Every structure is written in C-alpha cells, then in structure tokens.
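Remarks on the structure that follows.
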Amino acid sequence: MSASVIELSQIEKDYPGVKPLDKVDFAVQPGEIHALLGENGAGKSTLIRVMGGVTKPNSGTITYLGKPVSWQSPKAARAAGIHVIHQELALFPELSVAENILVDAQPRGMLGLISNRARHARAAEILAQLGVDIPTHAKIDELPLADQQMVEIAKALVGDVRLLILDEPTAVIAGREVDLLFENMRRLRNEGVGIVYVSHRLEEIFEIADRVTILKDGQLVGTSPVSALTREEMITKMVGRRLSQIYPPRRAAPADGPDVLSVRNLRAGPRVRDVSLNVRVGEIVGVAGMVGSGRTEVAEAIFGTRAVDSGVIEFDGKPFERKLPKGSIGHGLGFLTESRKDDGLFLGLPISANIVAPDLDAITRRGLIDRKQERAVATRQIQDFSVATPSPDVKIGNLSGGNQQKVLFSRWSRIASKLLILDEPTRGVDIGAKVEIYRIVRRLADSGVGVLMISSELPEIVGLSDRVFVMAQGHIVGEIKGDALGEEAIMDLAVRSVEDRKAGMDQHAEPVG
Amino acid sequence: MTPLDTPMQRSQSISIASVFERYGLVIFLVALMVVAAIASPTFLRPANLVNVLTIAAPLGMVVVGQTFVILVRGLDLSVASLMATVAVLATAFKATTNEAIPMIFIAAIALSAVVGLVNGWLVAKRNVSPFLATLAMMIILQGARFAYTGGAPISTLPPGMGFLASGRVLGIPVNLITLAFLATAFGIVLHRSRLGREIFMVGSNPKAAFLNGVAPDRVVILCYVICSVCAGIGGLFLLGYVGTVSNWVGQGYELDSIVAAVMGGVALSGGRGNVFAALLGVAVLVVINNLVLLLGFPIEMQLIIKGIIIIGAAAFYRTRLA
Amino acid sequence: MSAIAMDIRRNRLMLSYLIVAVLLVLLAVAGGFLSDRFLTWRNIGNLLQQLIVLGMVSLGQTFVVLMGGIDLAIGSLVGALTVFLANFLEWRPDLIWLALPLALIAATGVGAINGLLTVVLRVHPLIVTLGMSSIIFGGTLMYRKEPGGSVPRAFADIAYTKVGGIPISAIVLVVIFVLAGLWLQRTRTGRSIYFAGGDREAARLNGLPVDRIVVLAYALSGLCAGIAAIFLTARTGVGDPRIGVALTLQSVTPVVVGGTILAGGRGGVLGTFLGVLLVTMLNSLLNFVNVSSYYQWVIQGLIILIAVGIHSSRRK
Numbered sequence: 001m002s003a004s005v006i007e008l009s010q011i012e013k014d015y016p017g018v019k020p021l022d023k024v025d026f027a028v029q030p031g032e033i034h035a036l037l038g039e040n041g042a043g044k045s046t047l048i049r050v051m052g053g054v055t056k057p058n059s060g061t062i063t064y065l066g067k068p069v070s071w072q073s074p075k076a077a078r079a080a081g082i083h084v085i086h087q088e089l090a091l092f093p094e095l096s097v098a099e100n101i102l103v104d105a106q107p108r109g110m111l112g113l114i115s116n117r118a119r120h121a122r123a124a125e126i127l128a129q130l131g132v133d134i135p136t137h138a139k140i141d142e143l144p145l146a147d148q149q150m151v152e153i154a155k156a157l158v159g160d161v162r163l164l165i166l167d168e169p170t171a172v173i174a175g176r177e178v179d180l181l182f183e184n185m186r187r188l189r190n191e192g193v194g195i196v197y198v199s200h201r202l203e204e205i206f207e208i209a210d211r212v213t214i215l216k217d218g219q220l221v222g223t224s225p226v227s228a229l230t231r232e233e234m235i236t237k238m239v240g241r242r243l244s245q246i247y248p249p250r251r252a253a254p255a256d257g258p259d260v261l262s263v264r265n266l267r268a269g270p271r272v273r274d275v276s277l278n279v280r281v282g283e284i285v286g287v288a289g290m291v292g293s294g295r296t297e298v299a300e301a302i303f304g305t306r307a308v309d310s311g312v313i314e315f316d317g318k319p320f321e322r323k324l325p326k327g328s329i330g331h332g333l334g335f336l337t338e339s340r341k342d343d344g345l346f347l348g349l350p351i352s353a354n355i356v357a358p359d360l361d362a363i364t365r366r367g368l369i370d371r372k373q374e375r376a377v378a379t380r381q382i383q384d385f386s387v388a389t390p391s392p393d394v395k396i397g398n399l400s401g402g403n404q405q406k407v408l409f410s411r412w413s414r415i416a417s418k419l420l421i422l423d424e425p426t427r428g429v430d431i432g433a434k435v436e437i438y439r440i441v442r443r444l445a446d447s448g449v450g451v452l453m454i455s456s457e458l459p460e461i462v463g464l465s466d467r468v469f470v471m472a473q474g475h476i477v478g479e480i481k482g483d484a485l486g487e488e489a490i491m492d493l494a495v496r497s498v499e500d501r502k503a504g505m506d507q508h509a510e511p512v513g
Numbered sequence: 001m002t003p004l005d006t007p008m009q010r011s012q013s014i015s016i017a018s019v020f021e022r023y024g025l026v027i028f029l030v031a032l033m034v035v036a037a038i039a040s041p042t043f044l045r046p047a048n049l050v051n052v053l054t055i056a057a058p059l060g061m062v063v064v065g066q067t068f069v070i071l072v073r074g075l076d077l078s079v080a081s082l083m084a085t086v087a088v089l090a091t092a093f094k095a096t097t098n099e100a101i102p103m104i105f106i107a108a109i110a111l112s113a114v115v116g117l118v119n120g121w122l123v124a125k126r127n128v129s130p131f132l133a134t135l136a137m138m139i140i141l142q143g144a145r146f147a148y149t150g151g152a153p154i155s156t157l158p159p160g161m162g163f164l165a166s167g168r169v170l171g172i173p174v175n176l177i178t179l180a181f182l183a184t185a186f187g188i189v190l191h192r193s194r195l196g197r198e199i200f201m202v203g204s205n206p207k208a209a210f211l212n213g214v215a216p217d218r219v220v221i222l223c224y225v226i227c228s229v230c231a232g233i234g235g236l237f238l239l240g241y242v243g244t245v246s247n248w249v250g251q252g253y254e255l256d257s258i259v260a261a262v263m264g265g266v267a268l269s270g271g272r273g274n275v276f277a278a279l280l281g282v283a284v285l286v287v288i289n290n291l292v293l294l295l296g297f298p299i300e301m302q303l304i305i306k307g308i309i310i311i312g313a314a315a316f317y318r319t320r321l322a
Numbered sequence: 001m002s003a004i005a006m007d008i009r010r011n012r013l014m015l016s017y018l019i020v021a022v023l024l025v026l027l028a029v030a031g032g033f034l035s036d037r038f039l040t041w042r043n044i045g046n047l048l049q050q051l052i053v054l055g056m057v058s059l060g061q062t063f064v065v066l067m068g069g070i071d072l073a074i075g076s077l078v079g080a081l082t083v084f085l086a087n088f089l090e091w092r093p094d095l096i097w098l099a100l101p102l103a104l105i106a107a108t109g110v111g112a113i114n115g116l117l118t119v120v121l122r123v124h125p126l127i128v129t130l131g132m133s134s135i136i137f138g139g140t141l142m143y144r145k146e147p148g149g150s151v152p153r154a155f156a157d158i159a160y161t162k163v164g165g166i167p168i169s170a171i172v173l174v175v176i177f178v179l180a181g182l183w184l185q186r187t188r189t190g191r192s193i194y195f196a197g198g199d200r201e202a203a204r205l206n207g208l209p210v211d212r213i214v215v216l217a218y219a220l221s222g223l224c225a226g227i228a229a230i231f232l233t234a235r236t237g238v239g240d241p242r243i244g245v246a247l248t249l250q251s252v253t254p255v256v257v258g259g260t261i262l263a264g265g266r267g268g269v270l271g272t273f274l275g276v277l278l279v280t281m282l283n284s285l286l287n288f289v290n291v292s293s294y295y296q297w298v299i300q301g302l303i304i305l306i307a308v309g310i311h312s313s314r315r316k
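Going down the list, the sequences are from chains V, A and Z.
Mapping of the first sequence onto full-length UniProt numbering: position 278 corresponds to residue 278, and the numbering continues sequentially without gaps.
Mapping of the second sequence onto full-length UniProt numbering: position 302 corresponds to residue 302, and the numbering continues sequentially without gaps.
Mapping of the third sequence onto full-length UniProt numbering: position 247 corresponds to residue 247, and the numbering continues sequentially without gaps.
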C-alpha cells in the first residue's frame, strides 16, 4: 500500500546473542491509531527505535510518505515529521517546562534571538491545547511524574507531525489525564496523523485503537482490526500459549502461618504516607499500583535503603530495626531491585562474582576469597536456576536479559531464607524465561520463604499472587484475595483512589516530590 | 532463545579477542624492546636496563595506588604533589644519620594516609568530583610545601636515603624489590582478598554494591588512602634517586601514572583493571621514554608520544571491550 | 513547602550568584580597610587589566563544562600560541594582520580536534584533552625551550590602552561575556549546549545534533584560549611555552566558584564572570597584605572545595 504514512518491510536487527527484530513487516495508515502489542522483550521498543531513527536496522526497508528512507539519526526522523514519545522520559530536569516542550523549536523574536515571552506563551498554548494546567516556568524536577509525562506528550503537539509514536505513555498517568491523552490522539487521527500506540493495558487498546499488530520474540504474529479479536485471542497471540500454562498452580489452601513480615502505618518520605501490609510464611503477596505510587519506596524502606519516618516494621515477629542492606541480608532478607542494570548487576564482573555478591562471608577464608568455593557455589546455582552459560567465569554482561535475571534470582534466593522482595521481577525478559521465573518464585514460596512481589504487569500479579495489596499515592488502598483477585478489581481500586485523591488535592494543592 | 546458538564460533572469537586484550601489551612491550635493541646497542646494556628500571620503580609504586583509585571510578591528581611534599617532609628532620630513616618513613606514610583520607572523604562523603577534590589537594599541598620551604628547600638527608635508589640486595636493586613487594601485596589485596572483591563491586556498580551489603563509602576512602600511601612511598624512593630535594620532585607523575594505568587496561569508568597489567603499562612508558633518548631525539618528544599513546590506548580498550 | 522555598529552589543559580557577589563586596570592603591603596583607581585599573586572560580561558572552560566535558588542553594551547605570536611578530612585525587571525584559527582548530576525538573515539574528555595537552606542550618545547620573541609596540598597546580610565581588554572581556551569555541563553544553538550537558541521551532522542554541539563547545574553548593568548602576548611581550601550565587548572576555579557544575547542564557565564572577579580580587588583596603566593595556592585549593561544598549541598 503506497498510502501508508510509514511502511517497514522485512526489518531485521541483530545484537550479539539476541535478535530483537526478525523480518518484521509493519505499516501505519494516515488517520489510524495502530496498536503495537507484545510481551516485554517482544521487540516493540526496538521497532519504535528503528522508526524514530535511534537504531539502524541491519536489513530491511523503510518507506516513509512514499519514499524509501534510511534515518541516520533521531534528528532526521524528527525533521521529517516523526515524533516519538519514548518510554523513558527524554526531559531535562534542570530546565523549565517551556524549554522542554519547545526543545528544538524555540520561538525566535528580535535579531533571531529566542524570545522568552514567546516561549512561555507558546508552551502555555500547547499545554492548553492538551488540556492540562502546568506552570510553564516550573522546572521539570519539581513536577510529579504524571505531569512530567504530560509535558513529554505536549512535545508531540509542537511541530508538524505526520507519524506519532507513543511507547507506554499511560504507565504513570491515570483517569482524567488518560482521557485527555485519548482526546488529543483522536483529534490528531482526524487530522490525518498516523499514530502508533503501545500499551500493556488491553482495555485501552479496545477503547482507542483501530488496528493492532502483535509481535512475539522479535517476529510478527499478525496485524488485524481490533474489532476482529477478542481479549483472550490477543493474549494468546501475544504470549504464544494459554494463560493456564504460564503460571504455576497456586497453593491449595490459603497460607495461615505466622507473619514473616508485618508493616504497620509506615511513613517514609513523600511517596510512602501510610502503608500497612503483611506477608505470611510461604506466601506470595503482590503489590500493584501505578508507577510512582510508592511501591518501590515501600520495598526500600523495608530493606533498609530508605529512611523510615514513622511506623512499625516487624520481621519474623520481632521489631526490625536495621539501617543498611548488610543487616537485612544477615537476617535472611533479599531484595531483587527493579532495574537490573542500574542497581542489580555488576556488568563487568563474571557470573560467579555476581552470584556470591551479598554473601562474601561464605567464600572468605582469613580475608581471602576462596575461589574454589566460589566456583562451586556459582556452578550449583547456575544449574539450579538453569542459567544458559558455558561457565561461571563469563562476564554477566554477555548474557541475555532473561539469563541475567535468573542469575539475580539465584543470588537472592541463596540468602533470602525468610523473605524475598521482588520489584518488577520479569521486566525485559522473554516469555520462556518468564515462565521459568514464575516457577522459581512459586518453588521458593513452597519452601517456606515469604515473597513480596511488586509488579506493573497485572496478569503476573493476578496469576502468581496469593494475595494482593493495591497502592496509590503512598497509601495502601485495598487488599484483594481469593476469588475477587482479578485485573479489573485492581485497576478499579488503583484508578478510583487516584481520582478521589486528586479531587481532594485540588482544594489544597500540595506539591508532591 | 539461548544466546549461545553457535557456541564454537562465539567462544573462538571471544578467545582471540581476549588473548589480544590480555597479551597485547606484552607483545607491544617485547616489540618495543626489540626495536630499541636494534636501534641502539646501548639499550640492552645492563647499566641502561638498570637505569630504566630504577626510573620505573617509583612510578610503578604510584601506579599501583592510582590503579586502586581508578578502579572505584576515581582519579588522583594529587599524587605528584604529595611525592614532593613527602620529599620536603623528609628534610624536615634535618637528619644526617641513618637512624632517622624509619622515622622518615613513618612520618611520610602517616602524612600520606591523612592526605588520602581527606581525598577519600571529600569524594565519598561530600560528593566532590574526584577531579576537583584531588586537584584542590594538589594545590593545597603545593602551597603548604612552598610556604614551609620558602621556595628554597634544604637537602639535608640521611646518607642512607641514596640506598633506596641505588642499593642492591643480592644484586637486585632495592627499589625493584620494594616495588615487587608492594605490587604483590596490593595485587593480592586487589585480586584475591575480600576487600579487593568489594573494590571491584563498588567500581562496577556502586549502587548494587551497597544493596549487596558493601559499604561503598568506606571502600572508596580506603582506595584513596592506599593510593596516597603508595605515592608517599614512591616519593621517598624518587627522592633517593634524585638525591636533592626540590619543590617539584615527582612533577608529571600524576599524568604518567594515569597514562600507565590506562595503557594497562584499567578503565576510567571503574571496575575493570589489573595491577600487574598497569605495571606493564609503566614498563612500556619508560621503554618508550628511553628509546626516545637513545635514538637521539629531543627529550620533549616524550611528551608528544605520551600524549598520543594515552589517547590511542584509551581508544583501543574502548573498541576492544565495547 | 513554602512558596519562598520553592522560589529559592527555582532560582538556586541566582542564589549562587548572589553569594559570590556578596563575597566580592566583602572582599572589596576588607581590602579597603586593610590597605588604603586597594580601592584606588590605579589599583582597580590594574585589576581590570589582569582580568582578560583568566576571564577568557574560564569562559572557554565554561562552554565545555556546561556541555558535560572538560578541557585540560587550554594551558598548553595558550603557551603554544604565545610562542607562535611572539616569534612570528619578531620575524615579521608588519604581518600582524595575518598573525592574529592565524592564531585564532589554529586555536579553534585544536579545540575542534579535541571535540572530534572525544566524539569519534568515544574516549573520556579528560584523557583526550590531557593527551592533547601533552602533545602541544611537547611540540612547543621542541620548537622553543625558553621564553623568547618580541612584539611590536602597537601590539603591546592593546594590553595597556585605556579608554576613559578603563582598560580596553576589560571592555573586550565584558562585551565577549555579554555576547556569550546572550548566545547561551537566547539562541537555539546556545541552548543546545545546556541540553547536551543536561542529559546527552535525552538530547539525542529529542533530535539535537549532539556530536556537533560537543565539537562546537571545544572549538569555542579553543577560540577563547586564542583570544587569551593574544592579550597575554601583548602584555608580556614574549612567547613562553610554560606560561600556560598553571592556567589550565586556574581556568576551572572560576567556573566552579560561579556555580557551574562539573557534571554539565547547569550554570552560566555570569557565574564564571563573578568567579573570575572573585579569584582575581582575592589574589590582588593577598598580594597587598603581603601574603606569599605560596599561601595563595592553599587558599585557591580551599576556595574550590568551599565552592563545591556550598553549591552541592544546596542541590538536594
């Protein structure tokens, strides 16, 4: 079809050891909202990066507005009218809202100099068009995350956009903001803009998208009108197997053992305002909520990397007062953090060093590292967690995301004899590794470890947890268990309470963060 | 889905790369020495070789320390200034007999440890960039030293200090023995001990190290202390070699020690490096310098070559390990 | 959080400037008390005359640091250029119209090469500019080991001429700083220096030509070093390969004192200007009260640490 805004044909992208895109075809018509679906690691982000000129494909052709193109940089793609809203915000925290919105299109006045007044006027105009009220003079790092996301979205309305690509823009916004976003997307669609929309929330796809393309493991599964698919069909295509095969069976009877962790009225910084929850021995407890709702901060407070303002944390029935990870580790507590690369892995070090990291005591003899012992421990863990590697001496940076994550599991399960906290445990791993990880988590719980699992992926929360706490804006807003446990119930709680609080906050505005 | 679809091919290409990475510097050094031997018959004469090694020894001591700091994503620009300050300190005893030498060593090491402690504290606890912290320390030491000497230092030293540079035990130069001892001791600390493991963890990912129960601040401070102590000892040996005290003993060693470490594959981004490879970097550096002289080129050419190799070496490791 | 606290947070840079400005006034007052010759026109004239060299190299360093880099080749470059100028002008004093542009072009070119090397080789700017500094210094020494050369009278005049009691060099410096400030604040290219320094990856995703910005910043630093070298040669009348040795590190002090952070993306030329004034006035005052230059080093080191302490502790 030559009428497409953009048409990708047989796109391939290779990295050593992984192939994020394997002969993918993809086309967007003018005036359509085209959803792009797939599990984490299916290749959506890579496809977006290819369209936006961030990544060059190894082979395949891109046709944009009828002409073959080969972007050399994001700049070229942007100049041609492609705007990408990336998952990670591309904002400059030290600079003003206005300057961020008009980053490469600052209005010029006298003598070709940027006019400050025009800058703020234009930015305010764009924000008004979007329908949000954000002060244009504010610095980005003074804004709550949701407002930052709206600023990122506002950038799309600046220039003459022919193709708009949004990579999970609703991860940190809710309610009214999502409505505003959708309104603007529809308006742009009616103006003939082609829109690519990525989201994990299927209900959003049904609400806004015209067609959907599904990717799996870097390959195209298919493209079809949204109305031609049911929710179940979408999931099955995305995952490649039925849901019942993904999650291990839940425990037969609800856990009724003693609490391994009990948190009461915890306050810790601006994002943790009132949190009470508990985890029993051998139980998997999910924590759901929007990004930025304070979930990670709760985990940090429990593990000892965030100062507690008030409240009680009881561990194993005793008040738990440790201030550092070292103490927590000594008590049999493990914390698998959200960002593998930022605070999990030692990328330049071998697998073995990564496995033994929190427990150097076990391999130290008279101050020296017992290499034989280290190797033995590492080899055993690699086998236990079926990490695909020829040797424990391989640098962990050379492993795939799924295998890296398994190494981290093998690290923490070794020392977490009582409680393991997981923050987004399957981010960026393929479905095969996911299934293995779910089994590992269940196995750990069955062996008597309490598991506290934070996740943005509702299917995972629902499929794996015995009980779920829902968080919003620093508060636990509900607990769901048994038959009530479902994605809708969780979303409902999370979103409704956000809106309630927003309504309440409008009366006495109080900056967050 | 495993990343090891063709294990044979991958492991082969990895091994060739890693051989080159591991032994590239040795090959380079041997090639340099062959060129030097061909270019000038003087090069292989024992007198010349001993001379080269004598020059190399104090620099080697500094490099051992610099490696520790670079491994934790740091940099120490104050080493040269500290060397000169230690040299001035050695004269402060106005000692003419060898009994004072132990005192001189103790005082030098104590001063160095304090300097390292301050550097490390600034970097780890006050979040000052290593560049600025050690730069400030460099200037402060320089000022203090000049103020003390009034710009004209005396050279009253125990006669035994010269032994540090030219003395031999069983025919082996004493400064080389000391370097070998220092390198081995700190090499074991770095590559075999628990502290060493913690240093690599902190250098590779400070946040992850903290979450795994390591105290990164303490490790970083310790690295700066080790660096300063090595530099201080190096300063005494250099003083022995130079014989007279000037306010500029060791000038240029901050740059040279970084050049040698980078040439030896110690990554400025932290968490990657090896003390012994860094010492190979020292050997390459001094052989090049010697070669320039033997070939009759002006001594300033050393500076040009040094500049080229530091950029080249950094680029080499960058592409090798990308 | 109160509105005032928000306001201060928003204008933390202004606060940095305010602190430095207050310190300046305090220094001037202290100087007036300590010596009745300190606040005389004559001394102020001298002070202003000294500004240009440190001012220009610090301005160059500001561009690079704002963009997220560092330039350690500045001093060697200035030294090399003074040698070139003094020797060239001794040989052909009549070709001054050729010598000055040549010096500026060469300086800009060296800066651009620094930038290109960091971009192409992706090597840490510290290593690249340190290496470049060594190369330039060695090259200069191979050509001339000792200070030498001479300059025509007319050329020397640009360092000493005053207009209405104010040295021309100071006027030039102020004009350049104003232009630089305007450029950084009010042009798209100037702003992009801040974008590249704030977050290089984000800048790339926003479609900014990051590599070109990096090269531009280093080239500007080179150009500034060229201007500094011209005034320095005019003032001293000789070319001295070693004259720039201390200048590299001195160029960093006013930048840091002025509140520009080494990580890049925050700060500005006004801060650097105030920093230059502060450092120059402090040194002058210390000379007046006969504190030896040795202690001035100690004080300079402490100033760096105090400045970093002040600016970073308020960052949270």
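For glycine and all other residues, C-beta sits at the position ideal for the given N, C-alpha and C.
From a predicted model like this one, the values you see are computed outputs, not experimental measurements.
Residue j beta carbon less than 7 Å from that of residue i
| i | j | result |
| --- | --- | --- |
| V:I205 | V:V263 | no |
| Z:G149 | Z:E201 | no |
| V:E283 | V:G450 | yes |
| V:I11 | V:P57 | yes |
| V:I101 | V:K139 | no |
| V:G330 | V:L145 | no |
| V:V477 | V:V470 | yes |
| V:L36 | V:V196 | yes |
Residue nearest to residue i in terms of C-alpha spacing, selected from the options
| i | options | result |
| --- | --- | --- |
| V:R162 | V:S413, V:L65 and V:D22 | V:L65 |
| residue 325 of chain Z | Z:R191, Z:N87, Z:D36 and Z:M14 | Since the first residue shown for chain Z is 1 and the last is 316, residue 325 of chain Z is missing from the structure and cannot be characterised. |
| V:I169 | V:H86, V:I246, V:I195 and V:V221 | As written in the sequence, residue 169 of chain V is Pro, which differs from the Ile given in the question. Closest by alpha carbon: V:H86. |
| A:I308 | A:A260, A:G270, A:I188 and A:Q66 | A:A260 |
| A:L122 | A:G196, A:L59, A:P102 and A:G74 | A:G74 |
| V:P358 | A:Y317, A:I288, A:K207 and A:A283 | A:K207 |
Cβ-based neighbour list, residue i, same chain, cut-off 8 Å, excluding 5 preceding and 5 following
| i | result |
| --- | --- |
| V:K216 | G38, E39, A42, K237, M238, V239, G240 and I431 |
| V:Q507 | Here V:Q507 scores only 44 on pLDDT, less than 50, and its place in the model is too uncertain to base an answer on. |
| Z:L126 | I70 and L72 |
Test: residue i CB closer than 7 Å to a CB of chain B
| i | result |
| --- | --- |
| Z:M142 | Any reference to chain B falls outside this structure, whose protein chains are V, A and Z. |
Residues of its chain near residue i, where Cβ-Cβ distance is below 7 Å and the 5 sequence neighbours each way are ignored
| i | result |
| --- | --- |
| Z:L302 | none |
Cβ neighbours of residue i in the same chain (closer than 6 Å, five flanking residues each side left out)
| i | result |
| --- | --- |
| A:G65 | I226, C227, C230 and A231 |
Proximal residues, the stretch 257–273 of chain A versus chain V, C-beta separation under 9 Å: Against chain V - using a Cβ distance shorter than 9 Å - the residues of the stretch 257–273 of chain A are A267, S269, G270, G271 and R272.
Note down, in chain order, all residues in the stretch 357–387 of chain V with a beta-carbon under 7 Å from any beta-carbon belonging to chain A. A357, P358, L360, T364, G367, L368 and I369
Chain-ordered residues of the stretch 298–313 of chain Z with a beta carbon less than 8 Å from chain A: V298, I299, Q300, G301, L302, I304, L305, V308, G309 and S312
Any contact of the stretch 250–258 of chain Z with the stretch 101–109 of chain Z, i.e. 3+ C-beta pairs under 8 Å? No, because fewer than three Cβ pairs between the stretch 250–258 of chain Z and the stretch 101–109 of chain Z fall closer than 8 Å, the two stretches do not touch.
Select from the stretch 117–142 of chain Z all residues with a C-beta closer than 9 Å to any C-beta belonging to chain A, and list them in chain order. L117, V120, L121, R122, V123, H124, L126, I127, V128, L130, G131, M132, S133, S134, I135, I136, F137, G138, G139, T140, L141 and M142
Please confirm if the stretch 401–420 of chain V is in contact with the stretch 324–341 of chain V, defined as three or more CB-CB distances below 8 Å between the two stretches. yes
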